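Below: the structure, in structure tokens.
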Amino acid sequence: MVESVSSLLFRLLLLMFSLAVIGEPLRFLLSRFSRFFKGLDILQVLVLNVYLGGLILYAIAMVPFGLFSSATMWIVLFFSVSFVIVELLIKRFRLPEKCDILRFAVVLAIFLVALWIQLIPISNLVFGSVHDTSLHSLFVQVLLENRQVPLLLQPYSAEGIVYPQGFHPIVAYAVCVSNSLIPSAVLHITALFSAMSVLGAYYLGKALSSRWGVGLSLAFVFAFVAVWPKHITWGSNAFVASIPLYFICLSFVPSLLKKKRELGVLEIVFIGILFGYLAAMHLQPYETLIASIVLWWLINIAVSKRKTLSQLKYMLPIILISMIPIAPFYYRGLIWHPYPYHNIGLPADIEFTIIHQDFPQALFNVVTWLWNNQSYYTVMNVLYLTLLILSTGLAIFKIRKNGLGSRVTRISLATLGGQLLVALLATVFPDVPFSAQPVLLYLSFYVLIGVFTVWVYQRFSSFLSKKIAKRDCAHHGKFSVIKDSKVLLTTLLVITLINGPFIFSSIARDPQMVLGAYSLFAVTSADDLDLMLWMKDNLPHNVTILVNKQECGLFIPSVSHHKVIFPFIFSHHSRSYKLLSILLEEGNLNATTCNLMKHFNITHIYVGSSATAHDMYKHKWNPQPFLQNPNFDLVKKVGNAYLFAVSYKYPEVAFQDDFEYDSPDETGWEFYIYPEREGTSFGEATISSNHTYHGNKSLLITAKRDKEWYNVYSVYKNVHLWDTSNVTLSFYLNATSGFNNDLDHSAVIVADTSGQRAITLSTLYAHISSEYIELPDSQGFFEFNLSEIWYQKHNSTLPTDFSIRLKNFDADGIENIVFFDYI
Numbered sequence: 000m001v002e003s004v005s006s007l008l009f010r011l012l013l014l015m016f017s018l019a020v021i022g023e024p025l026r027f028l029l030s031r032f033s034r035f036f037k038g039l040d041i042l043q044v045l046v047l048n049v050y051l052g053g054l055i056l057y058a059i060a061m062v063p064f065g066l067f068s069s070a071t072m073w074i075v076l077f078f079s080v081s082f083v084i085v086e087l088l089i090k091r092f093r094l095p096e097k098c099d100i101l102r103f104a105v106v107l108a109i110f111l112v113a114l115w116i117q118l119i120p121i122s123n124l125v126f127g128s129v130h131d132t133s134l135h136s137l138f139v140q141v142l143l144e145n146r147q148v149p150l151l152l153q154p155y156s157a158e159g160i161v162y163p164q165g166f167h168p169i170v171a172y173a174v175c176v177s178n179s180l181i182p183s184a185v186l187h188i189t190a191l192f193s194a195m196s197v198l199g200a201y202y203l204g205k206a207l208s209s210r211w212g213v214g215l216s217l218a219f220v221f222a223f224v225a226v227w228p229k230h231i232t233w234g235s236n237a238f239v240a241s242i243p244l245y246f247i248c249l250s251f252v253p254s255l256l257k258k259k260r261e262l263g264v265l266e267i268v269f270i271g272i273l274f275g276y277l278a279a280m281h282l283q284p285y286e287t288l289i290a291s292i293v294l295w296w297l298i299n300i301a302v303s304k305r306k307t308l309s310q311l312k313y314m315l316p317i318i319l320i321s322m323i324p325i326a327p328f329y330y331r332g333l334i335w336h337p338y339p340y341h342n343i344g345l346p347a348d349i350e351f352t353i354i355h356q357d358f359p360q361a362l363f364n365v366v367t368w369l370w371n372n373q374s375y376y377t378v379m380n381v382l383y384l385t386l387l388i389l390s391t392g393l394a395i396f397k398i399r400k401n402g403l404g405s406r407v408t409r410i411s412l413a414t415l416g417g418q419l420l421v422a423l424l425a426t427v428f429p430d431v432p433f434s435a436q437p438v439l440l441y442l443s444f445y446v447l448i449g450v451f452t453v454w455v456y457q458r459f460s461s462f463l464s465k466k467i468a469k470r471d472c473a474h475h476g477k478f479s480v481i482k483d484s485k486v487l488l489t490t491l492l493v494i495t496l497i498n499g500p501f502i503f504s505s506i507a508r509d510p511q512m513v514l515g516a517y518s519l520f521a522v523t524s525a526d527d528l529d530l531m532l533w534m535k536d537n538l539p540h541n542v543t544i545l546v547n548k549q550e551c552g553l554f555i556p557s558v559s560h561h562k563v564i565f566p567f568i569f570s571h572h573s574r575s576y577k578l579l580s581i582l583l584e585e586g587n588l589n590a591t592t593c594n595l596m597k598h599f600n601i602t603h604i605y606v607g608s609s610a611t612a613h614d615m616y617k618h619k620w621n622p623q624p625f626l627q628n629p630n631f632d633l634v635k636k637v638g639n640a641y642l643f644a645v646s647y648k649y650p651e652v653a654f655q656d657d658f659e660y661d662s663p664d665e666t667g668w669e670f671y672i673y674p675e676r677e678g679t680s681f682g683e684a685t686i687s688s689n690h691t692y693h694g695n696k697s698l699l700i701t702a703k704r705d706k707e708w709y710n711v712y713s714v715y716k717n718v719h720l721w722d723t724s725n726v727t728l729s730f731y732l733n734a735t736s737g738f739n740n741d742l743d744h745s746a747v748i749v750a751d752t753s754g755q756r757a758i759t760l761s762t763l764y765a766h767i768s769s770e771y772i773e774l775p776d777s778q779g780f781f782e783f784n785l786s787e788i789w790y791q792k793h794n795s796t797l798p799t800d801f802s803i804r805l806k807n808f809d810a811d812g813i814e815n816i817v818f819f820d821y822i
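So the sequence shown is numbered by numbering that gives the first Met the number 0: it starts at 0 and just counts up by one.
Printed below as a string of structure tokens:
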């Protein structure tokens, strides 16, 4: 639901701190046994604890005892809060030094600004991407229903769950403690973790450099210079959430490959588990992490063979232990590997083509993606490219020296190579989940830009200090404080000017650009949400709802808790489902459509208010064919969102309207009055209970001439038929009230979309056109073979798209009243 930015900010910060509190007991325990978790500052502890809390929630969700519930979450939170209170009382928490407080405040302010920028666009959204966000919402839904990560997606699908579930317990926890809607929680938490990449980058810089400026610079770059992950709007929720943890895991790599570093057994075990939790969050950062470690180790072998093999005693156990957190999914992948597409519960007619690319083509695609997605503006693209070249050049130049940020630059270059190695593996093993993720390459480049920024700062401040020192010597060295302030302010001004375009773009342009990018796939409206909530309370749970994979109906399982065909899972590659979707896009409700619906046991159809921009919005389902077809009963309409029940009553009837509703515009009838008659006459179209033929209601149209010599009032509806070879039109008409003049008449007009060709079935025989056919009476039920008449009048087949217009014509100034029913 749409929410203010300040309210979202407060709730997400509260969630972040509660996760950190849950993770604190584990961090406290680890700090007793590992040097990696000692000496961390308060911001490093904060971001680390968030993931330790997530790890605890993941463990609770994975044990097959059904422990994951609201009660369990509150118990865990209560215990953690109590532990933190006792810890603070025992340790007698002391405030950091003033200079450290200032640094923490600056980094925290940068993080809050980054989070605020993230929240501005999503505060205008109901839910996120109908694809990825609906998928992750479904995973959270089955987790909460089963109180653990289940084997299958039942009751929503028979598919097995092979996707690692590290992200979803965090969302489920948020839903339990805040009672928010699952899709909203997925969207908002993704924005939180996207902004937390600032804190993750700070953690990496602070851990790998003795200078605090590296961490601060990386935080600044990821807040104001980096485009990614801020602009990931198509979903990839779990991937975004894994990025800060990816930075934390990277901070351990140099120590693992350090020649003289000895690691304890507990350190090896926990680092392996943390790496495994990264894999549970998302496989791509994990693959890049492991590939980077292997690549770094191979480079060490090439440079110095001595003692390099001894590093395997840490690498291999850690890599093996990292497989434990995702072992259940490895196991499922193994036992289900013999099945088609390596999963159970899939439709028998799955069609999916794996695209094989050679390494040069894959590399070219990555490079092209990198260039096209640096920025929306060419000038910014050039600026980014310049920064990337300078930063990478500096890193390569200084890679053999032990100067500023050498471990950070080594990590960045290693991850660049690691991701290219993953791209190579993806071409060799296309069936295995290896894939090049260009966003990870960007992350490495951004780290290099951060190091480059620190280098510029140091060089420029050193240059200024020397200049001012020479001048001060002539003035007996006075005003050293003023001198230092001038150097600092001037240097910061230069850094700000260098990054000025990026800062301006990030603050002034990004919220609008990100919202525009979101709108391509985040198409859920308030009407859709209201309808889904109505379905939750009013529909039985055993229904099966057909949804469009380009519309927001994919959120129905996680909002209304009903089964849909199909969620955004592998089953939607079913050939039958694809054919059914195409038929509905074209408005073809023919026998094939009916049989396919019966094949899937469809009881209802959901038509969303809008569709994604995929293929230029062409996949939107039009509600009109359902509204005009007697095999589909309108159950509920909210705004432009529709829910239909499928009855399969009259498969031979393509259009039927008996006006059993409150207003003609509810089912697509549009009012029409000739422009030249507007303001000179009276008329209306309403639903009446008089002169009915089928049911309890009919359509009443009135017309009355005022100033001019005639008045025409009519309503019309566009009709689509898939087969017009033998179309019969029947309707009830009562035009007996007010038709006193020879020119007064009522008519049913069938016209093509251009309006150039038509047939007029009228109570008045007119010699104006050969298209007129006189009705035998002004009252009664009439039936015509429309296909034959059209061919006789126009020497062509009846078009598949045409309009039906119901007309009332008054010429004498006495109000005409006509009733239509059962068309």
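C-beta: ideal position from N, C-alpha, C; glycine also.
All values reported here derive from a predicted model rather than from experimental measurement.
Residue i versus the options, residue with shortest Cα-Cα distance
| i | options | result |
| --- | --- | --- |
| I231 | A279, Y441, E665 | Y441 |
| K721 | E584, I41, I604, A610 | The residue you asked about is not Lys; residue 721 is Trp in the sequence shown. Closest option to W721, Cα to Cα, is E584. |
| G779 | H690, G234, Q627, Y276 | H690 |
| Q360 | V427, G275, K229 | V427 |
| I544 | N815, D776, V645, I568 | V645 |
| F274 | V141, F654, N123, L51 | L51 |
| F643 | L538, H613, L578 | L538 |
| Q283 | L386, L393, K257, T414 | T414 |
| A190 | S753, S208, A222 | A222 |
| A290 | L492, V252, V268, I84 | V252 |
| H603 | K635, S575, T611 | K635 |
| V268 | K806, F554, P510, S33 | S33 |
Close beta carbons around residue i, own chain, < 6 angstroms, minus the five adjacent residues each side
| i | result |
| --- | --- |
| H571 | K548, F565 |
| Q373 | N380, Y383 |
| Y172 | L56, M72 |
Under the three-state DSSP convention, the category residue i falls into
| i | result |
| --- | --- |
| D614 | coil |
| V4 | helix |
| S241 | helix |
| H793 | helix |
| L403 | Per-residue confidence for L403 stands at a pLDDT of 44, beneath the threshold of 50, marking its modelled position as unreliable; no derived number is given. |
| T408 | helix |
| N815 | strand |
| E659 | coil |
| G678 | The pLDDT assigned to G678 is 45, lower than 50, so where the model puts this residue is not dependable, and the model offers no usable value. |
| R756 | coil |
| I686 | strand |
| A473 | Residue placement at A473 is flagged as unreliable, the pLDDT there being 49, under the threshold of 50; the coordinate-derived value follows with that caveat. In the structure shown, A473 sits in a helix (DSSP, three-state: H, G or I). |
| A746 | strand |
| A702 | strand |
| N710 | strand |
| G212 | helix |
| T414 | helix |
Residues of its chain near residue i, where Cβ-Cβ distance is below 8 angstroms and the 5 sequence neighbours each way are ignored
| i | result |
| --- | --- |
| P663 | F670, A684, T685, I686, L698, V714 |
Residues near residue i by beta carbon distance below 7 angstroms, same chain, minus five either side
| i | result |
| --- | --- |
| N725 | S786 |
| D614 | none |
| S250 | Y202, L203, A206, L207 |
| L265 | F32, S33 |
Residue i, enclosing beta strand (DSSP E) - first and last residue
| i | result |
| --- | --- |
| K229 | Where K229 is concerned, there is no enclosing beta strand (DSSP E), given that its DSSP letter is neither H nor E. |
| I772 | 771–773 |
| T727 | 727–736 |
| N784 | 778–784 |
heavy atom of the ligand SAM below 6 angstroms from residue i C-beta
| i | result |
| --- | --- |
| F780 | Of the ligands one can find in the structure shown there are none, so the ligand SAM has no counterpart to examine. |
Terminal residues of the alpha helix (DSSP H) in which residue i lies
| i | result |
| --- | --- |
| F625 | 623–626 |
Practice item. Report the residue ranges of all beta strand (DSSP E) runs contained in full by the region 476–561; include only those spanning at least 3 residues, in chain order. Key: Taken in chain order, the complete beta strand (DSSP E) segments of 3 residues or longer contained in the region 476–561 are 543–545.
Review point. Going along the chain, which unbroken runs of the alpha helix (DSSP H) with 4 or more residues stay wholly within the region 121–209?
Key: 131–145, 167–177, 181–207
**Study point:** Within the region 341–391, ranges of the alpha helix (DSSP H) (whole runs, at least 4 residues)
**Key:** Here the runs fully enclosed are 358–371.
Review point. Where in the region 563–648 do unbroken runs of the alpha helix (DSSP H), each at least 4 residues long, occur, reported from the N-terminal end onward?
Key: 574–584, 590–598, 623–626
Exercise for review: With a floor of 4 residues, list each alpha helix (DSSP H) that falls wholly inside the region 255–318, ordered by position along the chain.
Suggested key: If we require 4 residues or more, the alpha helix (DSSP H) runs fully inside the region 255–318 come out as 264–280, 282–302.
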